[in-house]
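K.L.:
Per this note's numbering, residue 2 is the first one in the sequence shown, and the count goes up by one each step. In this text, a Cβ means the ideal position worked out from N, Cα and C, and glycines have one as well.
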Amino acid sequence: MASQIYPGPTTSDSAGNIYFVDAGDVEKLTPNGMISIIAGAGAFNPAIPHQTPQPGLAIASAMSPVGVAVDGVGNVYIADALGYVEKVNPSGVLSIIAGVGHPNGQWWPTVGPALDSTIYPRAIAIDRTGNLYLTDDRGYVVEISSDGHLSYVAGNAANGDPVPGPAMNSPVETGSIALDQSGNIYLAGGAYVEEISGGTLSIAAGPDPSMHGGMGPMPAVPFEMKASSVAVSSSGALYLASGDRVYRIADGTVSTFAGYAGPGYTPGQTTYPPKPGPATSSPMLSQDVAFDSAGNLVISDSGVHAPGWTSPSGYLESVTPSGTLSLLAGDSQGVLTLGPATMSPMTPEAVAADSQGNLYVSTGTGIAKVDGSGTLSMFAGNGTTGAPIPGPALSSPLRASGAMAVDSANNLYLAQTGSVVKITPGGVLSIIAGNGQNGTPVAGPAVSSPMSPTAIAADPAGDLYIESGNIYRVGLDGTLSLFAGGGTSTPSSWPAPATSIGVSQGPIGVDASGNVYATDGATGVYKITPNGSATVLAGGTNQTSLVPGPAIDSDLSALGMAGDAAGNMYFIDYTYVIKVTPDGTLSIIGGDGDGEGDRNSYWYEAATLGWAQQTGLTPAAIAVSPQGTVYIANTVRNQAGGYVLALTPTSATAPSAPTNVTASAGAASADVTFAPSLDTGGIPVTNYVVSDGAGHTCSPTLDMRLGYLDLYTRHSLSCWVTGLTPQAPVTFTVTATNAVGTSGSSAPSNSVTPFTVPSAPTGLTATAGNGQVQLSWTAPATDGGSLISGYDITSQDVTGNQGVAPSCTSAQQSTATSCTVANLYNGHSYTFTVAARNWAGPGSATSISSTPAGPPDGPQNVTAVAGNRSAVVGWTAPANEGSTITHYTVTVSPGGATTTINGTVPQGQWMSATVGGLVNGATYSFTVTATNSVGTSVPSTRSGWVTPAAPSATTRVAISGAHPYASGARRYYPIRVYVKTSGTPSGYVYLYVSGTPGVTKTYKVPANSTTGVVVSIALTGKSGILSISASHSGSPGFAAAPPYSFNPRIIA
């Protein structure tokens, strides 16, 4: 078949099939010229769910093929630049046999299982025992044995010229690889062809600066060329693809085997298609060479094109051992070739079919006829452009046309510039409408009217309808009249007179009852009865998408239309073929819908033979034979070439069973993936049901808009089955359903065991620390059937009512069974919970409470009052940090002597201690520490410096009385102080009262007071220790009274 291809590496099998890489897929060319895709989903497509190779249906898998090989039983092996080698069995199922993709940090193949190795494949070959040989882009040749083991064969990863000798010590070419019948390896891809035999590398062909490739024989070494591919014949001769020529090397001599670069050849200026005949006379740009089973050399030719050529058109050519070239596939010119229609290039513009099984194809300046045997012949046009001339149709010029129709008598009608011509089955041309001038038609004799016909249709009664701005009818008597159109607004109600509606310049069609169909210029189609009454068949202002079902509920952007004998109408809509039955039901019968997202910029996808709904289409015209065969003129838009496809009516059947069912366990659920039905039964599959056989099912959601049908026939589907019993093994089967029925069940999936959440951890303990708590636990008794991935730890501040407290967030990704919760408040009670987590989520939690504690804070406000060989040191009690203070230690400086005082008071209350053993006249300062069960605080700030001194008289200060009373709003605490001195000093004794009330008071007491003086101290409602000392105006020191403890009470 003439086809747009861009072939790359090529191989063949024993049945004569040729396999070649073409862009993002691998295709097969059969001996009878049919091309089909066997693997690959083509270029990047956002509808494809994965962009790496996917085991399963080969034509559904993304890939970037760079090489292909085939074994003796029909398995195809694909070198994939994505980092894999894939195997496609004869049933079209793909599996990965080598490679892991391209992970970061790994650049070289690894000896061992091929499925565990990084590879960068460039070319592939297979020997007779099934061992694969790959060239690797990192500068190696590796072997993958038939049992999947990878080992090195040649290459040292270095750049440079090859070095004869041990193959592992030399740089190697990696662009192409071939094997001869003895298993020797040949490498090409640059300036050398290398042979590896028994682990030793030698040079089969190589460069010399003084020599260049020529047309005649010359020594193979030295020989300057650049070979992109190498093939070995059964006799051991080497054939090299080298751009504009293919060279043959035999017995050390090189000669040109194919390709022409002689006089008149100007590459880069002119397009040169292949020339069947002597191979050395045919221009080419050879990329790859391989031998077929008959010993012919197959050449992948990218084509010699003029500047600006955008068509992806290359060729596959065959050259016999004697040097005769023939074209196997490919098309760049679209020039018709008489004979088998499937072997002819063409660019079809319109199609029509008669009741005798003949198909007519308009190709611009000529009409081709394809009879029932598939033979193509010319039916009309002499190959020149011009006004048609009545008489023999083959003798008349024709102007480009995109519209044809056939009437019930098998006459062919062809729209021309300013006219419509009729061609009888016998090939006689006459003009039946139009005077050859463009313009608005005028009612009256049809042959006298100007017109600009863009579409034509014939009804069963023999009337002809012409679209020329509006729709006109030409009766059997040759009279032209307005049939529909001319209106400027949408009627307020339907049906409406056909002459009151507006019709768009576009296709028209007629059904078996004589009803005429026309477009509204947007997404709607009108149906007009023979008597001129119009209704809406499909679309309208409220419809925005193409949806199977009632046509009135779907939009329909008709680019072409035709009817069959049963009253069905067929439409083409960008990438679809649509059928609307007489009762108004719309269905999709062709096209896979690629491009639905933007109908104004849809993209080319080559048609694939098989079910019409599973192929990409870019239809330009449509015709229907009386037998119901739908013909599509399918062009490659914005490129040259195309073909005509036949959609043959086939009785729909139930679909085949889905395949490749695989399951992955979930939480009381399973994810089931499967390949859809290879055979949909001729109509879309509307539902797939996954079942465990125990009432648990799921179905993937199918969007039945045609733009998604390809996804449901070429790519894997999946859904989640829920409600399963955890830790109970289960398998799944899948059925497919279409409008006819339901398939049988698929083969069972692999067995999986659904899981659940883990049980609660046990043995939870909490060890309090300073601002933290150390948690420790034992893992749950059961993990729920899924490995524990971490633990969820929470903490709640109970004492401070602070809510959620800091936690061990890192433990959520760790399987460790302990963690430390930090940044806690000492003295606050916390509740902690620990729950294990797996893929199902967190399980039940275990809880415990704990209170962190630390050493006390350092005492505050330290003061010192000197005495006789002593000092009274006082301070404010600090925060205990969660543990009761047991004692305080006063340290003297200098000297380091310590004094300990037991007891505790609330934070902020006053305490004091008398430090003895000091030396009068020496200067001292003091620090204080507090101790609890956790530890000792940091020392306080140092007190002021004081100097103990002996008194000049002995004074004893005694304190008695503890009777509070109230005076107005103030509270007082009366203390009777007795001052007794030895001797008879004069003056007064000064009492210094200090303590928790916060202010040091000085009281003047007469010396030698034996009756006592009442000292009333204003209090603030605090408790604490009073320290009272005394001095005399004439004596430097008095003995201080023991501290007196008091606890004032508020008196109303």
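Given a cut-off of 8 angstroms, decide if G149 and P114 are closer than it, judged by their beta-carbon atoms.
P.N.:
yes
K.L.:
For the beta strand (DSSP E) holding A318, just list the boundary residues, first then last.
P.N.:
For the record, residue 318 in the displayed sequence is Glu; it is not Ala. Segment Y316 to V320, the beta strand (DSSP E) holding E318.
K.L.:
Could you check how far apart the C-beta atoms of R249 and S256 are, in whole angstroms? I think they sit under 8 angstroms.
P.N.:
5 angstroms
K.L.:
I want to know whether the stretch 790-797 touches the stretch 867-880 - three or more CB-CB distances under 8 angstroms.
P.N.:
The stretch 790-797 is not in contact with the stretch 867-880.
K.L.:
Please determine, among G93, N532 and I472, the residue with the shortest C-alpha to C-alpha distance to P677.
P.N.:
G93
K.L.:
Taking Cβ to Cβ, would you say D1 is nearer than 8 angstroms to G564?
P.N.:
With the chain running from 2 to 1053 in the structure shown, residue 1 is simply not present.
K.L.:
Apart from the five residues on each side of it in sequence, which residues of its chain come closer than 6 angstroms, Cβ to Cβ, to F380?
P.N.:
I368 and K370
K.L.:
Given a threshold of 16 other Cβ atoms within 10 Å of its Cβ, counted over all protein chains shown, does V920 qualify as buried or as exposed?
P.N.:
exposed
K.L.:
Among N359, P940, Q55 and A80, whose alpha-carbon lies nearest the alpha-carbon of S1082?
P.N.:
Examination of residue 1082 is not possible in this model, given that the chain is present from 2 through 1053 alone.
K.L.:
How many whole angstroms separate the CB atoms of A664 and S744, which I take to be in contact at a CB cut-off of 8 angstroms?
P.N.:
19 angstroms between Cβ atoms; not a contact.
K.L.:
Which residue from T821, S717 and L788 puts its Cα closest to that of T1?
P.N.:
The first residue shown for the chain is 2 and the last is 1053, placing residue 1 beyond what the model contains.
K.L.:
Rounded to whole angstroms, what's the CA-CA distance from P856 to W946? Just pull it up for me.
P.N.:
For the pair P856 and W946, the Cα-to-Cα distance works out to about 28 angstroms.
K.L.:
Note down the Cα distance separating S944 from T864, rounded to an integer number of angstroms.
P.N.:
5 angstroms
K.L.:
Output the distance between the C-alpha atoms of T364 and Q417, rounded to the nearest integer angstrom.
P.N.:
Rounded to the nearest angstrom, the two C-alpha atoms are 13 angstroms apart.
K.L.:
Would S719 pass as a contact of T732 if the rule is Cβ separation under 8 angstroms?
P.N.:
no
K.L.:
What separation, rounded to the nearest whole angstrom, lies between the Cα atoms of S146 and I186?
P.N.:
15 angstroms
K.L.:
Where are the beta strand (DSSP E) runs, 3 residues long or more, that stay fully inside the stretch 349-406, in chain order?
P.N.:
351-354, 360-363, 368-371 and 376-381
K.L.:
Quick test of the definition: if touching needs 3 or more C-beta pairs under 8 angstroms, does the stretch 419-437 touch the stretch 386-398?
P.N.:
yes
K.L.:
Classify R129: buried if its beta carbon has 16 or more other beta carbons within 10 angstroms, exposed otherwise.
P.N.:
exposed
K.L.:
Mark W495 as exposed unless 16 or more other C-beta atoms lie within 10 angstroms of its C-beta, in which case mark it buried.
P.N.:
Exposed.
K.L.:
Please report the Cβ distance between A251 and T281, rounded to the nearest whole angstrom; I am assuming they are in contact, meaning their Cβ atoms lie under 8 angstroms.
P.N.:
Wrong, their Cβ atoms sit about 16 angstroms apart, outside the cutoff.
K.L.:
Does DSSP put N18 in a helix, in a strand, or in coil?
P.N.:
coil
K.L.:
Three or more C-beta pairs under 8 angstroms: does that hold for the stretch 837-851 against the stretch 926-940?
P.N.:
Because the criterion of three Cβ pairs below 8 angstroms is not met, the stretch 837-851 and the stretch 926-940 do not touch.
K.L.:
May I have the straight-line CA-CA distance separating S37 from N635, to the nearest angstrom?
P.N.:
Distance between the alpha carbons of S37 and N635 is about 16 angstroms.
K.L.:
Alpha carbon to alpha carbon, how far is P843 from Y20? Give it in angstroms, no decimals.
P.N.:
The C-alpha of Y20 lies about 53 angstroms from the C-alpha of P843.
K.L.:
Which residues does DSSP pair with R838 in a beta bridge?
P.N.:
G791 and P843
K.L.:
Can you name, in chain order, every residue of its own chain whose Cβ lies under 6 angstroms from the Cβ of F45, other than the five neighbours on each side?
P.N.:
Caution is warranted here: a pLDDT of 40 is assigned to F45, below 50, making its placement in the model unreliable, and no coordinate value can be reported.
K.L.:
Name the DSSP bridge partner or partners of I1054?
P.N.:
What the structure shows of the chain is the stretch from 2 to 1053, and residue 1054 is not part of that stretch, so it cannot be assessed.
K.L.:
Going by DSSP, name the residue or residues bridged to S235.
P.N.:
Answer is none; S235 lacks a bridge partner.
K.L.:
Assuming contact is defined by CB atoms lying nearer than 8 angstroms, are P54 and Y85 in contact in what I supplied?
P.N.:
yes
K.L.:
Can you tell me which of the three DSSP states V448 falls into?
P.N.:
Reduced to three states, the DSSP call for V448 is helix.
K.L.:
Given this structure, state the Cα-to-Cα distance separating W721 from V735, to the nearest angstrom.
P.N.:
13 angstroms
K.L.:
Assign T816 to buried or exposed, taking buried as 16 or more other Cβ atoms, counted over all protein chains shown, within 10 Å of its Cβ.
P.N.:
In this structure T816 is exposed. Its beta-carbon is surrounded by fewer than 16 other beta-carbon atoms within 10 angstroms.
K.L.:
If you run the structure through DSSP and keep just helix, strand and coil, what is A769?
P.N.:
strand
K.L.:
For D408 and M562, I'd like the C-alpha separation in whole angstroms.
P.N.:
15 angstroms
K.L.:
When you compare the CB positions of L241 and A262, do they come within less than 8 angstroms of one another, or not?
P.N.:
no
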